[in-house]
Amino acid sequence: MDVTDAMTPREELVTVSLPGSRDAALEHLRKREFSSVAVVKEENGDEAFRGLISREALIENPDEDQLALLVEEGPTTSSDASLESLAELMIDTGARRVPVVNGGGLNGIVTITDVIGAIAEGAADGERSVSELATRSVNGIYSGSPLRVAEQELRYADTPYAVVIDDEADPVGILTDADLIAVAEIVEGEDDTGGAMAGDDDEWMWEGIKTVGNRYYPTRNVEFPDGTVADYMSDDLITVSRTQTARDAAQLMVRHDIEQIPLMSGGELLGIVQDMDLLHAV
11 MDVTDAMTPR EELVTVSLPG SRDAALEHLR KREFSSVAVV KEENGDEAFR GLISREALIE
71 NPDEDQLALL VEEGPTTSSD ASLESLAELM IDTGARRVPV VNGGGLNGIV TITDVIGAIA
131 EGAADGERSV SELATRSVNG IYSGSPLRVA EQELRYADTP YAVVIDDEAD PVGILTDADL
191 IAVAEIVEGE DDTGGAMAGD DDEWMWEGIK TVGNRYYPTR NVEFPDGTVA DYMSDDLITV
251 SRTQTARDAA QLMVRHDIEQ IPLMSGGELL GIVQDMDLLH AV
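Numbering (my numbering), first residue to last: 11 to 292.
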């Protein structure tokens, strides 16, 4: 299977053009559930790909109006590249969204979700055991921890999840950054350097992040409701066993719209299988 079979083609993509202002990107990210938008520029009558502008870049640079200064360069692939080479690229760079570029022009975008879907459907290899692919180091948190503590714990651990354990040290659920984003509220105030908040863009940015369930969320000027991890975690814990395959895990991820699955055996937590881990099976 090649990248062209998995990607979203150019004609279905929304782009912004150089030269341009911040408002062009803001307009698309306000109205659509995008985490980033591709940037193109007309050169000698042809469209050239220039990079991506992410929601994170807009949030982190609230006073920058020039699109060219917000563009981020990153890895790209070609439409005739194999899914195997794409998986290697994502593993090596950590990229979850890769522009497909041929001859300098944008042909599409391919995401890790596209690759997981291909594994789930049998279009990409997925026969390796999840036991071989799982990460043995697991981020965990106590079910009675306050939600604000949980938010900080995920940030310090630099992971998008925590497996929740109860008083008996048994896994009883999972808390993700999406769970935190869904209940967080932005508040008025000043940041740690004494600067005022960005302004009119703050509300739509935060609402947009909540809608998309992005991996990024600001920790300053954000409040979390009272309550514990147990009140906000997903208690329907989807798990896999050592005998299951990468394809089994991919199908569960697609079916339940999740990015990580605990690996269990006889009630014991052995590891975590994340979507990036499944790329090693391709």
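We put the CB at the ideal spot given by N, CA and C, even for glycine.
Predicted model only: the values in this text are computed from it and were never measured.
For residue i versus residue j, is the C-beta distance shorter than 8 Å?
i, j, result
"residue 283", "residue 144", "yes"
"residue 170", "residue 269", "yes"
"residue 87", "residue 96", "yes"
"residue 181", "residue 280", "no"
"residue 234", "residue 173", "no"
"residue 141", "residue 252", "yes"
"residue 120", "residue 111", "no"
"residue 79", "residue 35", "no"
"residue 49", "residue 25", "yes"
"residue 150", "residue 175", "yes"
"residue 115", "residue 57", "yes"
"residue 183", "residue 245", "yes"
"residue 179", "residue 239", "no"
Considering only residues of the same chain and omitting the five flanking positions on each side of residue i, which have a CB-CB separation below 7 Å?
i, result
"residue 223", "Caution is warranted here: a pLDDT of 48 is assigned to residue 223, below 50, making its placement in the model unreliable, and the coordinate value is therefore given only provisionally. Only 188, 191 meet the Cβ criterion."
"residue 136", "129, 255, 256, 257, 260, 291"
"residue 289", "97, 100, 101, 125"
"residue 127", "264"
"residue 94", "292"
"residue 163", "151, 172"
"residue 158", "234"
Residues in the same chain with beta-carbon distance under 6 Å from residue i, minus the five sequence neighbours each way, listed in chain order, please.
i, result
"residue 226", "Low local confidence applies: a pLDDT of 49 at residue 226 is under 50, so the model's placement there is unreliable, with the coordinate-based value given in what follows. Within the same chain, residue 226 has close Cβ partners 66."
"residue 76", "none"
"residue 14", "89"
"residue 118", "17, 18, 19, 20, 110"
"residue 51", "28, 58, 60"
Which two residues bound the contiguous alpha helix (DSSP H) that contains residue i?
i, result
"residue 120", "Run containing residue 120: none in the alpha helix (DSSP H); it sits in the beta strand (DSSP E), 115 to 121."
"residue 193", "187 to 193"
"residue 13", "13 to 16"
Along the beta strand (DSSP E) that carries residue i, what are the first and last residues, could you check?
i, result
"residue 26", "25 to 28"
Sorry if obvious, but does the Cβ on residue i come closer than 7 Å to a heavy atom of the ligand FMN?
i, result
"residue 14", "The ligand FMN is not among the ligands present in this structure, which contains no ligands whatsoever."
Would you list the one or two residues that DSSP bridges to residue i?
i, result
"residue 282", "145, 272"
Report all residues from its chain with a CB closer than 8 Å to the CB of residue i; omit the five preceding and five following residues, and keep chain order.
i, result
"residue 84", "61, 62, 103, 105, 108, 109"
"residue 38", "24, 26, 44, 47"
"residue 12", "89, 90, 91, 92, 93"
Extract the residue ranges of the alpha helix (DSSP H) inside the segment 139 to 184, only unbroken runs of 4 or more that lie entirely within it. 140 to 143, 157 to 167
Would you list, in sequence order, the uninterrupted alpha helix (DSSP H) runs of no fewer than 4 residues that lie entirely inside the segment 40 to 110? 65 to 70, 93 to 103
Runs of 4 residues minimum, wholly inside the segment 221 to 279: which ones carry the alpha helix (DSSP H) assignment? 239 to 242, 256 to 266
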